[in-house]
Amino acid sequence: MTPPTRVLNWMALFVAAVVAVCALLWEPLLDALLANPVFNGMILMALLVGLAINVRQVLVLAPEARWVDAVGQGYTPQGPGARSSPLQALRHSMHRRGERPRLSTLAARTLLDGVRGRLDDSRDLSRYFIGLLIFLGLLGTFWGLLDTLRAIGSVLAGLSPEGQEATALFAALRDGLQEPLAGMGTAFSSSLFGLGGALVLGFIDLQTGHAQNRFYNELEEWLSGYVSTSGAVADGEQAVPAYIEALLEQTADSLDKLQRTMQRAEGQHHGHADEATLQHLRNMDACLMRLLEDMPTHRAQLTDELRSEIRLLARTLAGGRGSGGRDA
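Pasting the structure below:
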């Protein structure tokens with residue numbers, strides 16, 4: 003799969019460009035920041051948190067992509083990952099089905115829908131921070147406008163043209179307008195930082211969405227290789243109900259497990275049978291060796307007995323001939 007971390011390069015380039023523009027406009031931006039440090043500091047803090055969340059969402063996809071590549075290369079699927087993992091359901095299913103999992107079309111679609119739901123849920127927080135930036139910008143704007151209106155009202159109420167010279171009246175008006183101008187600075191600076199931060203975070207969220215969509219599409223293509231086509235419905239045939247398809251899938255899994263169990267048992271039986279046969283062969287070999295060792299001794303005994311019998315027979319024949327000659 004394509005490494006999701008490549009998107010981080012585009013994020014880094016965009017953030018670097020934004021930082022460069024801010025460096026060029028440092029003085030006016032600093033003045034705008036100091037117009038209301040509380041609101042503007044909250045906006046910048048929300049922007050940094052949103053950036054960290056988006057970077058984490060991309061980094062979470064990296065181990066998932068490595069796991070998919072490892073399973074595709076033939077490695078045995080490991081146990082289920084963390085609960086926050088986008089592929090937690092897929093990991094559990096692969097681990098439960100064994101080394102060569104086969105999925106029905108319905109099961110694959112369910113797993114993909116679960117992955118899509120987890121990815122969308124992870125982006126909800128980023129979208130919330132985009133809305134939070136816009137809200138803080140608008141809140142600062144309205145807060146500044148309220149301060150401006152209140153300050154203008156106070157200035158107008160404090161002016162009394164009777165008995166004052168024009169110079170003194172103008173000086174009082176100038177001093178009184180400082181507070182409304184500060185309120186306008188709060189309004190415009192908060193709007194600037196809020197909308198600008200939302201724009202930056204929106205682009206980062208867009209890149210995160212591209213990384214997740216690419217990951218999902220490649221995962222869908224990869225998972226199609228594990229989909230069993232045995233349940234496909236031909237033209238003109240009635241579609242099989244979902245519960246029957248699930249029952250057939252469970253039966254096929256059980257038969258597959260039974261076949262593997264019988265193969266292991268048969269292998270163990272052959273192992274025991276081979277050991278018994280080898281023991282019998284060893285016993286036969288020992289008996290033959292003893293027979294070969296005893297054959298010279300038995301042969302000598304047999305030869306001696308045969309010689310004794312021949313001598314006895316010769317004496318008997320000789321005695322018979324002697325008695326026959328005396329009778330003649």
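Residue 3 is where the sequence shown starts when you use this note's numbering, and the numbers rise one by one after that.
All C-beta atoms in this analysis are idealised placements derived from N, C-alpha and C, irrespective of residue type, glycine included.
- Residue 189 is not a Cβ neighbour of residue 141, given a cutoff of 8 Å.
- The DSSP-derived three-state label of residue 305 is helix.
- Residue 261 sits in a helix when the DSSP states are folded into three classes.
- Within 10 angstroms of the beta-carbon of residue 312 lie fewer than 16 other beta-carbons, which makes it exposed.
- In chain order, 182 place their CB closer than 6 Å to the CB of residue 154, counting only its own chain and leaving out the 5 sequence neighbours on each side.
- Within its own chain, no residue has a Cβ closer than 7 Å to the Cβ of residue 215 once the five positions on either side in sequence are excluded.
- At the C-beta level, residue 132 and residue 213 stay beyond 8 Å of one another.
- Each residue's CA atom was taken as its position, placing residue 226 and residue 145 some 55 Å apart.
- Counting the other Cβ atoms within 10 Å of the Cβ of residue 44 gives 16 or more, which makes it buried.
- Here DSSP, grouped into helix, strand and coil, assigns residue 65 to helix.
- Linking residue 198 to residue 15 through their CA atoms gives a straight-line distance of about 17 Å.
- Nearest in C-alpha terms to residue 109, of all of 260, 222, 211, is 222.
- Relative to residue 194, the option among 36, 11, 112 whose CA is nearest is 36.
- Contact between residue 128 and residue 55 holds: CB atoms are separated by about 5 Å, below the 8 Å threshold.
- With the rule of 3 Cβ pairs closer than 8 Å, the segment 57 to 68 counts as touching the segment 6 to 13.
- In the three-state reduction of the DSSP assignment, residue 5 falls in the coil class.
- The straight-line gap separating the alpha-carbon atoms of residue 28 and residue 202 is approximately 17 Å.
- The continuous alpha helix (DSSP H) containing residue 36 extends over residues 28 to 37.
- When the five nearest sequence neighbours on each side are left out, the beta carbons in the same chain lying within less than 8 Å of the beta carbon of residue 205 are those of 16, in order along the chain.
- Under the three-state reduction of DSSP, residue 281 is assigned to helix.
- Contact check for residue 196 against residue 119 fails: the beta carbons are separated by 8 Å or more.
- In this structure, the CA atom of residue 286 is about 14 Å from the CA atom of residue 277.
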